[in-house]
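Since the structure comes first, as structure tokens, the remarks are kept for the end.
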DNA sequence: TGAAATGGGACCGGGAAGGTCCTATTATCA
DNA sequence: TGATAATAGGACCTTCCCGGTCCCATTTCA
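Residue numbers (this note's numbering), protein chains in the order written: chain V, 1 to 138; chain D, 1 to 138.
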């Protein structure tokens, strides 16, 4: 239902990475580059990035030196934005009397957490986050 | 992954109901009774109740006048307890670098919400919560 | 002994998660 | 202008698990 799926995780990994690049004022990053950085399945990541771009979170540039970059400030992108962008369908079951009300709070919780926050946090928790991401495998 | 599933919703509905009964010092309620109260699929609810009892959240009494009742105080039962009780398997994907850390916070969030809290809240939000639960259908 | 309840399973169908692949379009570089 | 590198937009496949049912054994009370 809320679906904190693995696809959502890929989306967050990519978004945080792009946020870091944006902070460094670097250009767009290609899907291939991101996939190699974190050892993610390329074909799937491409779909995820498409979805994020479609949702307006990323700006895409075609062509040789193209790729994806954050479309807005990292502070303006909430975790909920990212999760919902990759969540397809979403009839979001109207029935579910108790969880239905709970979901509102959970969404609020995810809405107040921003990609900028995740990036900051990742940088604090030891600088080797990138390494740990890589060795986390998959 | 965290799976806020419909089964979890049934579990919460039942748990809140049993918490209300416990507050009124009434005896155990049978699966059939709960299913009819909220118009839930009986066979499935039975499984859910079994799982809740297995997790130690409910105490069960067999036999004619038997049924289920809350095993401990409603304040001592967190939403996370209930959700996890009906979540089977749960390899809980070790990979998921970003969501992995997020999940910790979400769990904390769910852990601090108790069944007693849900009951209180339900009673406040108009007394017709029970009715709205029933007419919510399915 | 029979009815009403839980205990402990196995079992199944459909949908979505996870993943691949193909073709078009756009942009850069030589 | 042609090759190359990228995204855009799909269709497609497979595996897992959610939602759900059913069965049989056991316990309890009348």
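All residues carry an ideal CB built from backbone N, CA and C; glycine is no exception. Source: prediction; values computed, not measured.
Reference residue 104(V), options 110(D), 100(D), 103(D), closest by Cα: 110(D)
DSSP beta-bridge partners of residue 32(D): Its beta-bridge partners do not exist; DSSP assigns none.
Stretch-stretch touch, CB-based, cutoff 8 Å, three pairs: the segment 15-26 of chain D with the segment 15-32 of chain V: no
C-beta neighbour in chain V for residue 97(D), strict 8 Å: At a cut-off of 8 Å, the C-beta of residue 97(D) has a neighbouring C-beta in chain V.
Interfacial residues, the segment 1-19 of chain D to chain V, with Cβ spacing under 7 Å: 1, 2, 4, 5, 6, 8, 9, 12, 13, 16
Residue 80(D) at chain V interface by Cβ criterion, 8 Å: no
Secondary structure, beta strand (DSSP E): runs of 3+ residues fully inside the segment 53-105 of chain D: 58-61, 67-70
Simplified DSSP state of residue 125(V), which is helix, strand or coil: coil
Cβ neighbour criterion (16 or more within 10 Å) applied to residue 21(V): buried
Residue nearest to residue 44(D) in terms of C-alpha spacing, selected from 63(D), 75(D), 11(D): Of the candidates 63(D), 75(D), 11(D), the residue whose Cα lies closest to the Cα of residue 44(D) is 11(D).
Assigned exposure category for residue 132(V) - 16 Cβ within 10 Å defines buried: Residue confidence for residue 132(V) is low, a pLDDT of 34 falling below 50, so the modelled location carries little weight; the figure read from the coordinates is stated next. Exposed is the call here.
Environment of residue 88(D) [buried if 16+ CB atoms lie within 10 Å]: exposed
DSSP three-state assignment for residue 114(V), whether helix, strand or coil: strand
Under 9 Å from the C-beta of residue 118(V): neighbouring residues of chain D: 98, 101, 102
Same chain only: Cβ atoms within 7 Å of residue 136(D), ignoring 5 sequence neighbours per side: At residue 136(D) the pLDDT is 27, less than 50, meaning the model places this residue with poor confidence and gives no usable figure here.
Cα-Cα separation, residue 60(V) to residue 86(D): 42 Å
Alpha helix (DSSP H) segment containing residue 15(D), residue limits: 6-23
contact_flag[the segment 66-80 of chain D, the segment 65-83 of chain V] where n(CB pairs < 8 Å) is 3 or more: no
C-beta atoms of residue 114(D) and residue 78(D) nearer than 8 Å: yes
Counted within 10 angstroms of its Cβ, other Cβ atoms place residue 16(V) as buried (16 or more) or exposed: Residue 16(V) should be labelled buried.
With 16 other Cβ atoms within 10 Å as the buried cut-off, status of residue 54(D): exposed
Nearest-angstrom Cβ-Cβ length linking residue 147(D) and residue 9(V), presumed shorter than 8 Å: As shown, chain D starts at 1 and ends at 138. That puts residue 147(D) outside it, with no answer to give.
Short Cβ contact (8 Å threshold) for residue 13(V) with residue 97(D): Taking the C-beta atoms as reference points, residue 97(D) is found nearer than 8 Å to residue 13(V).
Contact check, residue 58(V) vs residue 118(V), beta carbons under 8 Å: no
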